[in-house]
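Enquirer: Residue numbers (our numbering): 12 to 209.
The following block contains the structure:
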């Protein structure tokens with residue numbers, strides 16, 4: 012079996028612009044990533060149920076929050092200031108085609124800025140990308156470039172290899188509630204302080 016093609020940031024950004032999915036490192040688990048307008052490819056190659064949403068990953072909070080409703084922005088900015096870049100995914104009310112592309116039939120979207128300079132540098136070139144963990148649905152997450160490449164041998168990888176070390180733990184997922192509180196949807200690497208501060 013031929014190993015996956017390893018590309019530098021510039022070359023991989025061009026591939027992604029052509030609609031090609033790619034394998035990326037993050038601070039948590041390896042990711043499958045693609046341009047948001049090609050997000051359907053991730054459900055297909057991962058064999059993931061359509062009711063399992065994808066996450067929009069970006070280089071900065073500003074790149075992501077342009078999609079978020081104003082009612083949640085202040086709370087989201089406070090969380091981002093403390094925990095981004097890092098292993099925290101914020102599920103926020105949002106609008107536009109990007110929500111339908113990543114979370115069909117919903118009015119919210121999961122957003123994250125990873126603490127992985129290699130990947131945030133790529134995201135600065137490509138703009139925000141639709142992402143999900145690099146494993147087949149129902150299987151254990153992959154932990155590094157070798158495992159991710161073995162599962163998806165036809166996809167290019169962001170180089171250089173080996174990737175920076177990661178935690179191997181999924182991100183914590185918080186959903187914003189209307190009363191400016193947060194609901195924990197998934198406990199992961201971080202345990203955010205959810206107490207309300209005046």
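Heads up, the beta-carbon is just placed ideally off N, CA and C, and yes, glycines get one too.
Along the chain, where does the beta strand (DSSP E) that runs through residue 143 open and close?
Expert: If you look at residue 143, you'll find it in the beta strand (DSSP E) that goes 140-144.
Enquirer: Which value, in whole angstroms, describes the spacing of the CA atoms of residue 20 and residue 132?
Expert: 8 Å
Enquirer: Between which two residues does the beta strand (DSSP E) holding residue 104 run?
Expert: 99-104
Enquirer: Using only the heavy atoms of the ligand COA, determine whether one of them is closer than 6 Å to the beta carbon of residue 174.
Expert: Ligands are entirely absent from the displayed structure, and the ligand COA is therefore not among its contents.
Enquirer: From what residue to what residue does the beta strand (DSSP E) around residue 66 run?
Expert: For residue 66, the enclosing beta strand (DSSP E) covers residues 66-68.
Enquirer: Could you check what DSSP says for residue 109 in three-state terms: helix, strand or coil?
Expert: In the structure shown, residue 109 sits in a helix (DSSP, three-state: H, G or I).
Enquirer: Just to confirm before moving on: does the CB-CB distance between residue 36 and residue 130 stay below 7 Å?
Expert: yes
Enquirer: Starting from the N-terminal side, write out each stretch of the beta strand (DSSP E) that is 3 residues or longer and does not extend beyond the region 173-200.
Expert: 183-187 and 193-197
Enquirer: On the DSSP bridge assignment, give the partners of residue 122 in chain order.
Expert: 67 and 101
Enquirer: Is residue 43 helix, strand or coil by DSSP?
Expert: Strand at residue 43.
Enquirer: Would residue 124 and residue 96 be called neighbours here (beta carbons separated by less than 7 Å)?
Expert: yes
Enquirer: Please state whether DSSP places residue 148 in a helix, a strand or coil.
Expert: In the structure shown, residue 148 sits in coil (DSSP, three-state: anything other than H, G, I, E or B).
Enquirer: Bridge partners for residue 24 per DSSP, in chain order?
Expert: According to DSSP, which records beta bridges pairwise, residue 24 is partnered with nothing at all.
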